[in-house]
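Our numbering puts the first residue of the sequence shown at 66, with every later residue one more than the last. Report on one structure; see the data block that follows.
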Amino acid sequence: MIKFDVIIAGAGIAGISSAEILARYGLRVLIFDINEKFCSFSSSQQHGWYHLGSLYSIFPESDYLKSMLVSLENLVKNYKCFDGMNATIDKNGKLNFKKKKNAWINNDRIKYLVASRNNKDFKINKIKNILKIIDWEKKIKKFVSRHKRYEKINWNKMKASDFVPKANLLDYRKKFIKKPDLEELTLDKNTHFMMEGYDRTMKSYLIANDLFDSFLKNKGKFLNKTKLLNLKKIENNFEIKTSKGKFLCKYFVNATGYNLKKDNAKNFKVKSVYSPIAVFYPPLSKKNFVRLTPKKNKTINHLLHKTEENVNYSVIGCGMDADKKNRKNVEKKLISLCKKNFKNYKKSNLMGIYSGLKTEYVKNKGERHYNFKIYEKAKNHYLIIPGKFSLCFSLASELKNKIIGKTKIKNNKFYKSKKNKIISYPLHYNLISKNI
Ligand SMILES: Cc1cc2nc3c(=O)[nH]c(=O)nc-3n(C[C@H](O)[C@H](O)[C@H](O)COP(=O)(O)OP(=O)(O)OC[C@H]3O[C@@H](n4cnc5c(N)ncnc54)[C@H](O)[C@@H]3O)c2cc1C
Numbered sequence: 066m067i068k069f070d071v072i073i074a075g076a077g078i079a080g081i082s083s084a085e086i087l088a089r090y091g092l093r094v095l096i097f098d099i100n101e102k103f104c105s106f107s108s109s110q111q112h113g114w115y116h117l118g119s120l121y122s123i124f125p126e127s128d129y130l131k132s133m134l135v136s137l138e139n140l141v142k143n144y145k146c147f148d149g150m151n152a153t154i155d156k157n158g159k160l161n162f163k164k165k166k167n168a169w170i171n172n173d174r175i176k177y178l179v180a181s182r183n184n185k186d187f188k189i190n191k192i193k194n195i196l197k198i199i200d201w202e203k204k205i206k207k208f209v210s211r212h213k214r215y216e217k218i219n220w221n222k223m224k225a226s227d228f229v230p231k232a233n234l235l236d237y238r239k240k241f242i243k244k245p246d247l248e249e250l251t252l253d254k255n256t257h258f259m260m261e262g263y264d265r266t267m268k269s270y271l272i273a274n275d276l277f278d279s280f281l282k283n284k285g286k287f288l289n290k291t292k293l294l295n296l297k298k299i300e301n302n303f304e305i306k307t308s309k310g311k312f313l314c315k316y317f318v319n320a321t322g323y324n325l326k327k328d329n330a331k332n333f334k335v336k337s338v339y340s341p342i343a344v345f346y347p348p349l350s351k352k353n354f355v356r357l358t359p360k361k362n363k364t365i366n367h368l369l370h371k372t373e374e375n376v377n378y379s380v381i382g383c384g385m386d387a388d389k390k391n392r393k394n395v396e397k398k399l400i401s402l403c404k405k406n407f408k409n410y411k412k413s414n415l416m417g418i419y420s421g422l423k424t425e426y427v428k429n430k431g432e433r434h435y436n437f438k439i440y441e442k443a444k445n446h447y448l449i450i451p452g453k454f455s456l457c458f459s460l461a462s463e464l465k466n467k468i469i470g471k472t473k474i475k476n477n478k479f480y481k482s483k484k485n486k487i488i489s490y491p492l493h494y495n496l497i498s499k500n501i
């Protein structure tokens with residue numbers, strides 16, 4: 066039976082990023098997936114939003130904002146060796162995302178259009194609504210304050226993950242918010258304000274492909290169309306039974322996303338919900354934006370993505386989740402939101418709509434966690450879930466620390482990678498490239 070140091074089941078972004086870093090540090094790693102292509106389930110259904118914490122600045126507690134910033138710090142520290150990793154810090158301590166063809170992260174920032182208290186989403190006819198406004202104003206002030214701190218960071222001198230979440234109302238400045246330019250939208254300019262966020266869009270295909278290419282260059286092995294069947298502990302090793310035979314390993318990592326539900330236990334629980342995504346061409350807007358309102362069913366996110374031939378298209382998500390039964394209904398609601406919000410709706414074509422399956426670790430009472438999770442089910446047996454595609458850098462770095470320890474960073478220059486056919490493009494990309 067072939068023996069590996071580590072076997073990883075599930076080749077979504079959680080599995081690939083973990084396999085990459087462990088192989089880069091010299092371990093013999095096997096990764097396998099039930100599907101023909103890798104990154105072809107949730108990791109291909111995602112919106113392409115690179116979370117740096119901007120959206121999570123609206124939460125009263127700061128843990129999620131902190132974890133998104135830690136992921137950015139891990140990206141800068143542990144992924145310098147990739148040519149596409151374009152986050153750089155200049156001598157003045159400013160963080161930049163260099164423009165280049167193979168860049169992982171686009172430099173265009175996602176703007177926030179925030180509903181203000183005179184918007185019709187707040188109907189002041191009940192005490193409940195007045196309380197809602199007070200709560201919203203408090204959240205928004207903190208949101209603005211945290212963004213102001215983000216702008217002030219000197220990345221050479223301070224840790225963003227410590228500095229930004231500590232923002233308080235003294236950091237708030239009204240001049241930081243602007244009147245929105247809403248020419249492509251039907252929203253009322255007098256009942257919204259605009260703030261430049263710091264999240265960006267990402268080229269998830271390039272991230273997954275480059276990580277996988279590094280994995281191969283570091284002698285990683287892989288199998289597709291291979292199902293995890295079960296595992297057995299044999300002395301200090303695991304015998305992993307798959308549809309393509311048995312393998313031995315010292316460490317076993319389960320990164321099977323939605324299938325982690327089978328491992329739900331008292332201290333580890335994951336939950337899946339459907340989340341709709343609509344794809345339009347030509348694009349409905351030239352800007353990346355999020356409309357924030359306390360009404361979840363009126364929140365809308367518009368991201369611009371590009372094909373390799375530089376054709377722009379719109380990828381639109383919203384604040385609504387669904388279960389298996391009502392997902393078609395929620396997809397219809399997203400279409401009506403698009404119809405209502407975009408002036409160009411009739412000039413564009415709906416190229417496709419789908420409900421992606423989001424699987425996340427949840428807290429005890431079932432609340433969302435918005436962070437990655439590594440759970441050691443038994444000695445050397447890990448269950449991992451990234452929470453977000455963009456948290457894969459923290460997830461992988463942390464798993465490496467657990468398995469190998471906090472050794473010196475191995476970041477040898479690794480030049481341009483070649484395309485690996487086994488890595489799937491995002492679903493929205495496939496919908497466009499097949500149809501235009
Ligand atoms: C609609 C939507 C929008 C999103 N938008 C964003 C976004 O904009 N930004 C962001 O950062 N994140 C986003 N996310 C979240 C992100 O997509 C996920 O957090 C991430 O992709 C999960 O990665 P994963 O590797 O855990 O899961 P997956 O990609 O699902 O990988 C799990 C893999 O395990 C394999 N598998 C399952 N069972 C078995 C088995 N028995 N044997 C072998 N293999 C098995 C599957 O085939 C799959 O390839 C979004 C998610 C959705 C659904």
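Glycine residues also receive a C-beta, built at the ideal position from the N, C-alpha and C atoms. Keep in mind it's a predicted model, so treat the numbers as computed, not measured.
Give the straight-line distance between the Cα atoms of residue i and residue j, rounded to the nearest whole angstrom.
{"i": "Ile199", "j": "Lys163", "result": "40 angstroms"}
{"i": "Asn255", "j": "Tyr410", "result": "22 angstroms"}
{"i": "Ser337", "j": "Lys156", "result": "44 angstroms"}
{"i": "Gly158", "j": "Ala225", "result": "11 angstroms"}
{"i": "Tyr115", "j": "Glu300", "result": "42 angstroms"}
{"i": "Lys471", "j": "Tyr90", "result": "11 angstroms"}
{"i": "Asp70", "j": "Ile474", "result": "20 angstroms"}
{"i": "Lys412", "j": "Thr321", "result": "41 angstroms"}
{"i": "Leu460", "j": "Phe454", "result": "10 angstroms"}
{"i": "Ile305", "j": "Phe97", "result": "11 angstroms"}
{"i": "Glu373", "j": "His212", "result": "32 angstroms"}
{"i": "Tyr346", "j": "Asp186", "result": "29 angstroms"}
{"i": "Asn100", "j": "Asn289", "result": "6 angstroms"}
{"i": "Asn172", "j": "Tyr263", "result": "9 angstroms"}
{"i": "Asn167", "j": "Lys361", "result": "35 angstroms"}
{"i": "Lys231", "j": "Asn139", "result": "20 angstroms"}
{"i": "Ser489", "j": "Asn274", "result": "9 angstroms"}
{"i": "Lys408", "j": "Gly417", "result": "19 angstroms"}
{"i": "Pro147", "j": "Leu276", "result": "Correcting the residue identity first, residue 147 is Phe in this sequence and not Pro. Taking the straight line joining both Cα atoms gives about 8 angstroms."}
{"i": "Gly149", "j": "Asn476", "result": "14 angstroms"}
{"i": "Ile504", "j": "Tyr447", "result": "Look at the range of the chain in this structure, 66 to 501, and you will see that residue 504 is not part of it."}
{"i": "Val344", "j": "Ile67", "result": "44 angstroms"}
{"i": "Lys204", "j": "Lys444", "result": "42 angstroms"}
{"i": "Asn143", "j": "Leu160", "result": "16 angstroms"}
{"i": "Gly431", "j": "Asp386", "result": "15 angstroms"}
Just to confirm, are residue i and residue j a CB contact at a threshold of 8 angstroms?
{"i": "Ser107", "j": "Lys423", "result": "yes"}
{"i": "Val335", "j": "Tyr426", "result": "yes"}
{"i": "Lys315", "j": "Ala88", "result": "no"}
{"i": "Lys351", "j": "Glu202", "result": "no"}
{"i": "Ile449", "j": "Val318", "result": "yes"}
{"i": "His112", "j": "Ile342", "result": "yes"}
{"i": "Ala74", "j": "Leu293", "result": "yes"}
{"i": "His370", "j": "Phe354", "result": "no"}
{"i": "Tyr435", "j": "Tyr215", "result": "no"}
{"i": "Ser340", "j": "Gly382", "result": "yes"}
{"i": "Ser151", "j": "Asp278", "result": "One point to set straight first is that residue 151 is Asn, not Ser, in the sequence displayed. Not in contact: Asn151 and Asp278 (Cβ atoms no closer than 8 angstroms)."}
Using CA coordinates, which residue listed in the options is at the minimum distance from residue i?
{"i": "Ile242", "options": "Gly431, Ala273, Val209, Lys371", "result": "Val209"}
{"i": "Asn233", "options": "Lys188, Lys207, Lys142, Cys104", "result": "Lys207"}
{"i": "Ala180", "options": "Asp227, Pro245, Ser226", "result": "Pro245"}
{"i": "Leu92", "options": "Lys390, Lys286, Asn477, Ile154", "result": "Lys286"}
{"i": "Asn184", "options": "Phe124, Leu252, Ser489", "result": "Leu252"}
{"i": "Ile501", "options": "Asp128, Ser82, Val376", "result": "Val376"}
{"i": "Val514", "options": "Thr153, Gly149, Lys204", "result": "In the structure as shown, the chain starts at 66 and stops at 501, and residue 514 therefore has no counterpart that could be examined."}
{"i": "Asn295", "options": "Leu281, Ser279, Asn324, Ser269", "result": "Asn324"}
{"i": "Ile439", "options": "Asn429, Asp328, Leu464, Glu216", "result": "Leu464"}
{"i": "Arg182", "options": "Ile170, Trp169, Lys176, Lys197", "result": "Lys197"}
{"i": "Gly452", "options": "Lys467, Lys444, Asp128, Arg433", "result": "Arg433"}
Does any C-beta atom of chain D lie closer than 8 angstroms to the C-beta of residue i?
{"i": "Phe458", "result": "Protein chain content of the structure displayed is limited to a single chain, and chain D is not contained in it."}
According to DSSP, simplified to helix, strand and coil, what is residue i?
{"i": "Asn377", "result": "strand"}
{"i": "Glu85", "result": "helix"}
{"i": "Lys467", "result": "helix"}
{"i": "Lys483", "result": "coil"}
{"i": "Leu160", "result": "strand"}
{"i": "Pro230", "result": "helix"}
{"i": "Trp114", "result": "strand"}
{"i": "Met66", "result": "coil"}
{"i": "Phe312", "result": "strand"}
{"i": "Asn283", "result": "coil"}
{"i": "His446", "result": "strand"}
{"i": "Arg93", "result": "coil"}
{"i": "Ile20", "result": "An answer regarding residue 20 cannot be provided, because it is not within the stretch 66 to 501 covered by the chain."}
{"i": "Arg265", "result": "strand"}
{"i": "Cys403", "result": "helix"}
{"i": "Cys146", "result": "coil"}
{"i": "Glu202", "result": "helix"}
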